[in-house]
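Trainee:
Protein chains: 2
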Amino acid sequence: MLSDIEPVNRESTASIIARQLRDAIMTGALPPGTQLGEAELAARFEVSRGPLREAMQRLVSEGLLRSERHRGLFVIDLEPGDVYDIYASRAAIERAAAIRIMRGDTESAVAELSEALDEMIEAAADPDPNALPEADLRFHEALVRASGSRRLVRMARTLLIETRMCLAALQRTDQPGEDRVTEHTAIIEAMTAGDEQRVLELLDAHMEDAITRLAPGSSLHSGPPPSVPADGVDIAG
Amino acid sequence: MLSDIEPVNRESTASIIARQLRDAIMTGALPPGTQLGEAELAARFEVSRGPLREAMQRLVSEGLLRSERHRGLFVIDLEPGDVYDIYASRAAIERAAAIRIMRGDTESAVAELSEALDEMIEAAADPDPNALPEADLRFHEALVRASGSRRLVRMARTLLIETRMCLAALQRTDQPGEDRVTEHTAIIEAMTAGDEQRVLELLDAHMEDAITRLAPGSSLHSGPPPSVPADGVDIAG
DNA sequence: TACGTGAGGATTGTTGACAATCCTAGTAGA
DNA sequence: TCTACTAGGATTGTCAACAATCCTCACGTA
């Protein structure tokens with residue numbers, strides 16, 4: 000096939016390192032607050048400090064790393080208000096994605112999402128407690144990707160990583176797996192039916208569910224929690 | 000005041016360079032498609048290539064620069080579909096910001112926005128044709144910042160830069176300045192009245208206005224334009 | 001004329017070393 | 001006992017040189 004042609008430009012080293020670091024942060028292998036020593040990491044990746052620093056600067060601009068000059072780089076630590084912020088932002092992005100799906104090529108989107116749903120069903124039977132949450136996030140990733148919006152995809156990537164950080168930090172893998180599958184199934188059904196309003200409602204309820212479970216007392220509908228630090232200045236740039 | 004204490008950590012060099020590059024891309028000093036030669040830029044900024052590369056990697060992960068291995072870094076060029084993508088994404092982010100404002104501290108948000116509006120009114124009288132569009136974007140920046148969401152702010156930053164790129168590329172500074180001020184005034188009034196639904200409607204109409212002006216034929220309501228390249232693989236990472 | 005081939009030049013990718021800065025621990029003095 | 005100060009060690013920030021890769025263009029051949 001013509002589409003099988005490999006790009007002659009392989010991935011850059013900084014790209015590879017950045018992705019691996021993202022994974023490590025995401026899974027909790029690098030817990031929030033961890034300091035990333037350049038020398039140590041460079042040795043682990045078997046590269047020099049140059050490319051490593053480039054990779055880390057990427058994560059800084061994505062908001063996954065926090066830079067303190069002459070101190071080092073640290074994995075961001077999630078404060079209570081961040082759970083709300085993450086889910087509210089995700090709700091906004093995924094809502095927009097859903098709208099674009101409903102007003103665009105709904106059919107192929109449903110096909111891709113059904114595939115993701117199948118993986119969830121498989122994961123629900125997996126003894127590994129992380130299997131289902133991971134499949135869950137892959138579903139939402141597929142949702143955004145199906146929108147065809149490069150920018151929504153880019154923005155969602157960081158948010159999904161942060162979501163995974165929350166789950167890892169809070170160790171909340173409990174909750175009936177069937178419910179989760181059901182909620183996602185309902186979304187796909189509403190899409191197939193072409194009922195945009197219902198898709199949005201279901202998606203919103205889905206997010207509301209998640210946040211009340213992770214941060215009891217917060218709600219997407221009743222506004223942000225008491226004190227969310229605005230943090231206007233951004234030293235790291 | 001205690002809040003006036005300055006952080007002892009000054010900005011990092013990579014931060015400064017990244018910001019300057021963003022400005023240059025935004026204003027059109029570095030037009031879309033431009034190749035950024037490392038040696039040349041390093042000489043201009045009077046730094047070595049190390050910090051410069053770090054800064055550029057940041058812009059890559061923000062989506063403002065495109066990296067081709069062993070070829071160089073290029074300013075992204077906006078294709079027709081990008082105008083829609085940018086404005087649709089902005090609509091999603093700003094809608095979310097507005098909702099959080101309406102359900103949070105509406106009063107102080109209105110105060111900040113009124114300030115931004117005053118600047119717009121001043122700019123409308125400015126002979127410089129760029130003054131008003133710039134003030135316009137600052138208003139929207141203030142809107143997102145007033146939401147208090149760190150993540151919405153981060154995502155909006157890149158989108159506003161891309162918006163400015165569109166304006167610079169299309170050279171569309173024409174349009175009655177009074178209309179613009181009026182639209183923004185209406186949004187603030189609806190906020191003061193506490194009418195969330197109306198705020199969202201006005202914001203949506205505002206975005207719809209902009210996109211039909213910049214990309215005739217596109218509409219936020221009728222779904223994405225025919226072919227938006229999904230661009231699933233991301234070589235640059 | 002059209003096509004494959006191979007220097008030549010220029011650009012990016014990577015490395016290791018050097019300079020600047022900061023935290024910590026230990027010490028002297030009140 | 002507590003505070004101020006000073007090395008010491010470790011870490012980050014910066015730089016210039018080297019290696020690898022790619023594009024261009026001239027050259028020779030069918």
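Which chain is which? The protein sequence lines are D and S, in order.
According to this note's numbering, the first sequence is numbered sequentially starting from 0.
According to this note's numbering, the second sequence is numbered sequentially starting from 0.
Here a beta-carbon is modelled for each residue, glycine too, at the ideal position from N, C-alpha and C.
Just so it is clear, the structure is predicted and the values come from calculations on it, not from any experiment.
For residue 242/S, which residues in chain D fall below 7 angstroms Cβ to Cβ?
Mentor: Given that chain S is displayed from residue 0 to residue 236, the structure contains no residue 242/S and the question cannot be resolved.
Trainee: Report the rounded CA-to-CA distance for residue 168/D versus residue 67/S, giving the unit in angstroms.
Mentor: Within the first sequence, numbered from 1, the residue matching residue 168/D stands at position 169. Within the second sequence, numbered from 1, the residue matching residue 67/S stands at position 68. Answer to the nearest angstrom: the Cα atoms are 37 angstroms apart.
Trainee: Three or more beta-carbon pairs under 8 angstroms between the region 87 to 96 of chain S and the region 119 to 135 of chain S, yes or no?
Mentor: no
Trainee: Taking its Cβ as the centre, do 16 or more other Cβ atoms sit within 10 Å of residue 220/D, making it buried, or is it exposed?
Mentor: Numbered from 1 along the first sequence, position 221 holds the residue referred to as residue 220/D. Burial call: exposed.
Trainee: Closer than 9 angstroms, Cβ to any Cβ of chain S: which residues of the region 140 to 154 of chain D, in chain order?
Mentor: 144, 145, 146, 147, 148, 149, 150, 151, 152, 153, 154
Trainee: As a quick exercise: from 117/S, 180/S, 178/S, 105/S, pick the residue whose alpha carbon is nearest that of residue 143/S.
Mentor: Numbered from 1 along the second sequence, position 144 holds the residue referred to as residue 143/S. Just measuring C-alpha positions, the residue of 117/S, 180/S, 178/S, 105/S sitting nearest residue 143/S is 105/S.
Trainee: Report, in whole angstroms, the separation of the C-beta atoms of residue 133/S and residue 202/S, which I expect to be a contact under 8 angstroms.
Mentor: By 1-based counting over the second sequence, the position of residue 133/S is 134. By 1-based counting over the second sequence, the position of residue 202/S is 203. Not really, about 20 angstroms apart at Cβ, beyond 8 angstroms.
Trainee: In this structure, does DSSP put residue 80/S in helix, strand or coil?
Mentor: Here residue 80/S is taken as the residue at index 81 of the second sequence, counted from 1. Of the three classes helix, strand and coil, the one that applies to residue 80/S here is helix, per DSSP.
Trainee: From the DSSP output, which residues share a beta bridge with residue 109/S?
Mentor: By 1-based counting over the second sequence, the position of residue 109/S is 110. Looking at the DSSP assignment, residue 109/S forms no beta bridge with any residue, so it has no partner.
Trainee: Taking C-beta pairs closer than 7 angstroms, name the residues in chain S that residue 61/D reaches, listed in chain order.
Mentor: Residue mapping note: residue 61/D aligns to position 62 of the first sequence, counting from 1. Within chain S, the C-beta atoms nearer than 7 angstroms to that of residue 61/D come from 60, in chain order.
Trainee: Can you check whether the CB of residue 57/S is closer than 8 angstroms to the CB of residue 56/D?
Mentor: The residue you call residue 56/D lines up with position 57 of the first sequence. The residue you call residue 57/S lines up with position 58 of the second sequence. In this structure, the beta-carbon distance from residue 56/D to residue 57/S falls below 8 angstroms.
Trainee: What residue range does the beta strand (DSSP E) around residue 66/D cover?
Mentor: Within the first sequence, the letter at position 67 stands for residue 66/D. Here the beta strand (DSSP E) through residue 66/D covers 64 to 67.
Trainee: Would you say the region 68 to 77 of chain S touches the region 95 to 111 of chain S, given that touching needs at least three Cβ pairs under 8 angstroms?
Mentor: no
Trainee: Within the 8 angstroms Cβ cut-off, does residue 87/S reach chain D?
Mentor: As a first step, residue 87/S is located in the second sequence; it is residue number 88 there, counting from the start. It does: the Cβ of residue 87/S has a partner Cβ on chain D nearer than 8 angstroms.
Trainee: Who are the near neighbours of residue 82/D in its chain, counting only those whose CB is closer than 6 angstroms to its CB and skipping five residues on each side?
Mentor: Residue mapping note: residue 82/D aligns to position 83 of the first sequence, counting from 1. So the list reads 165, 213, 214, once near-sequence residues are dropped.
Trainee: Which stretch, first to last residue, makes up the alpha helix (DSSP H) that contains residue 74/S?
Mentor: Along the second sequence, one-based indexing puts residue 74/S at 75. Element bounds for residue 74/S: not the alpha helix (DSSP H) but the beta strand (DSSP E), 71 to 74.
Trainee: Using a Cβ-Cβ distance under 8 angstroms, would residue 9/S count as near chain D?
Mentor: For the purposes of this step, residue 9/S is taken as residue 10 along the second sequence, with counting starting at 1. Closer than 8 angstroms: yes.
Trainee: Using a Cβ-Cβ cutoff of less than 6 angstroms, which residues in the same chain neighbour residue 27/S once the five nearest sequence positions on both sides are dropped?
Mentor: Against the second sequence, residue 27/S aligns to sequence position 28. 167, listed in sequence order.
Trainee: Does the beta-carbon of residue 162/D have 16 or more other beta-carbons within 10 angstroms, so that it is buried, or is it exposed?
Mentor: Residue numbering aside, residue 162/D sits at position 163 when the first sequence is read from its first letter. With 16 or more Cβ atoms within 10 Å of its Cβ, residue 162/D is classed as buried.
Trainee: If contact means a Cβ-Cβ distance below 7 angstroms, which residues of the region 18 to 35 of chain S contact chain D?
Mentor: Listed in sequence order: 18.
Trainee: In or out: residue 79/D buried (at least 16 other Cβ within 10 Å) or exposed?
Mentor: Looking up residue 79/D in the first sequence gives position 80. The residue is exposed, with fewer than 16 neighbouring Cβ atoms inside 10 Å.
Trainee: Shortest alpha-carbon distance to residue 14/D belongs to which of 45/D, 34/D, 54/D, 37/D?
Mentor: Residue numbering aside, residue 14/D sits at position 15 when the first sequence is read from its first letter. Taking only the C-alpha atoms, the option nearest residue 14/D is 54/D.
Trainee: For a cutoff of 8 angstroms on Cβ pairs, would you count residue 196/S as touching chain D?
Mentor: Sequence index remark: in the second sequence, residue 196/S carries index 197 (1-based). Chain D, which has no Cβ nearer than 8 angstroms to the Cβ of residue 196/S, makes this no.
Trainee: May I ask which residues mark the beginning and end of the alpha helix (DSSP H) holding residue 139/D?
Mentor: By one-based count along the first sequence, residue 139/D stands at place 140. Run containing residue 139/D: 130 to 145, per the alpha helix (DSSP H) assignment.
Trainee: Where residue 146/D and residue 39/D are concerned, what is the direct C-alpha to C-alpha distance, given to the nearest angstrom?
Mentor: In the first sequence, residue 146/D corresponds to position 147, counting from 1. In the first sequence, residue 39/D corresponds to position 40, counting from 1. Separation of residue 146/D and residue 39/D (C-alpha to C-alpha, rounded to the nearest whole angstrom) is 40 angstroms.
Trainee: Checking 8 angstroms against the spacing of the C-beta atoms, do residue 179/S and residue 131/S come in under that value?
Mentor: Within the second sequence, numbered from 1, the residue matching residue 179/S stands at position 180. Within the second sequence, numbered from 1, the residue matching residue 131/S stands at position 132. Contact flag set, yes.
Trainee: Locate the alpha helix (DSSP H) running through residue 220/D, then write down its first and last residues.
Mentor: The residue given as residue 220/D occupies position 221 in the first sequence. Looking at the DSSP string, residue 220/D is not in any alpha helix (DSSP H), and its letter there is neither H nor E.
Trainee: Can you give the beta carbon distance from residue 116/D to residue 183/D, rounded, assuming they're within the 8 angstroms contact cut?
Mentor: Within the first sequence, the letter at position 117 stands for residue 116/D. Within the first sequence, the letter at position 184 stands for residue 183/D. That belief holds up - the Cβ atoms of residue 116/D and residue 183/D are roughly 6 angstroms apart, short of 8 angstroms.
Trainee: Would you mind sorting residue 47/S into buried or exposed? The rule is 16 or more other CB atoms within 10 Å of its CB.
Mentor: Sequence index remark: in the second sequence, residue 47/S carries index 48 (1-based). It is exposed - the Cβ of residue 47/S has fewer than 16 other Cβ atoms within 10 Å.
Trainee: I believe residue 140/D touches residue 155/D by the beta-carbon criterion, under 8 angstroms. Please report the beta-carbon distance rounded to the nearest angstrom.
Mentor: Mapped onto the first sequence, residue 140/D falls at position 141. Mapped onto the first sequence, residue 155/D falls at position 156. About 7 angstroms separates the two Cβ atoms, so the contact holds.
Trainee: Between residue 221/D and chain S, is there a C-beta pair that is closer than 8 angstroms?
Mentor: Position 222 of the first sequence, counting from 1, holds the residue named residue 221/D. Yes, its Cβ sits closer than 8 angstroms to a Cβ of chain S.
Trainee: Using a C-beta to C-beta distance shorter than 7 angstroms, which residues of chain S count as neighbours of residue 53/D?
Mentor: If you number the first sequence from 1, residue 53/D lands on position 54. Those within 7 angstroms of residue 53/D in chain S are 52, 53, 56.
Trainee: Count the other CB atoms within 10 Å of the CB of residue 61/D; is the residue buried (16 or more) or exposed (fewer)?
Mentor: Counting from 1 along the first sequence, the entry for residue 61/D is found at position 62. The residue in question, residue 61/D, is buried, as its Cβ has 16 or more Cβ neighbours within 10 Å.
Trainee: Would you report the Cα separation of residue 52/S and residue 31/S, rounded to the nearest angstrom?
Mentor: Taking the second sequence and counting its residues from 1, the one referred to as residue 52/S is at position 53. Taking the second sequence and counting its residues from 1, the one referred to as residue 31/S is at position 32. Roughly 19 angstroms separates the two Cα atoms.
Trainee: So which residues of chain D does residue 92/S contact, with C-beta pairs closer than 9 angstroms?
Mentor: In the second sequence, the residue the question calls residue 92/S occupies position 93. Under the 9 angstroms cutoff, chain D gives 88, 91, 92, 95, 154.
Trainee: What are the partner residues of residue 35/S, as DSSP defines its beta bridges?
Mentor: One-based indexing of the second sequence puts residue 35/S at position 36. Bridge partners of residue 35/S: 72/S.
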